[in-house]
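Below you'll find the structure, written out as structure tokens, and then a few comments.
In the numbering used here, the protein residues as written are 3 to 140.
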């Protein structure tokens, strides 16, 4: 084969990854421009509606919503709820209970993260301490 027609990329890429730069296989710049522009417009059109509240489908719905949410509510009677201050012992017991729960959650999260990191630690161990580490016979 003639080496003058060999692309510099052929050295680094195998034949199935070869690139053809002939004019008959090139896509026109305007086609690429219109493709990219239409893709960007589609993305922008969809994302611009993402955070807008939906419009009511009919005026009856909007009148109903306006009437429902603008009506004043009467003051709710909460006298049936008994309230009192906690004693020192009750507060310490509650704090102890909350501390035990938080410690259990902390232990659970630590164990979970260690379990997830075991495969990565294994790969690092194999990579650094295998017998063939550093032997690159190309």
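Positions of the beta carbon are idealized from the N, C-alpha and C atoms, including for glycine.
Report task. To the nearest angstrom, report how far apart residue 111 and residue 133 are at their CA atoms. Result -> For the purposes of this step, residue 111 is taken as residue 109 along the chain shown, with counting starting at 1. For the purposes of this step, residue 133 is taken as residue 131 along the chain shown, with counting starting at 1. Approximately 35 angstroms between the Cα atoms of the pair.
Requested in this report: Using three-state DSSP, classify residue 110 as helix, strand or coil.
Outcome: For the purposes of this step, residue 110 is taken as the residue at position 108 of the chain shown. Three-state DSSP puts residue 110 in a helix.
Query raised in the report: Between residue 122 and the ligand FAD, is the CB less than 7 angstroms from at least one heavy atom?
Result: The model depicted lacks the ligand FAD and carries no ligand whatsoever.
Requested in this report: Using the Cα positions of residue 114 and residue 30, report the straight-line distance between them to the nearest angstrom.
Outcome: Counting from 1 along the chain shown, the entry for residue 114 is found at position 112. Counting from 1 along the chain shown, the entry for residue 30 is found at position 28. Spanning the two alpha carbons is a distance of roughly 54 angstroms.
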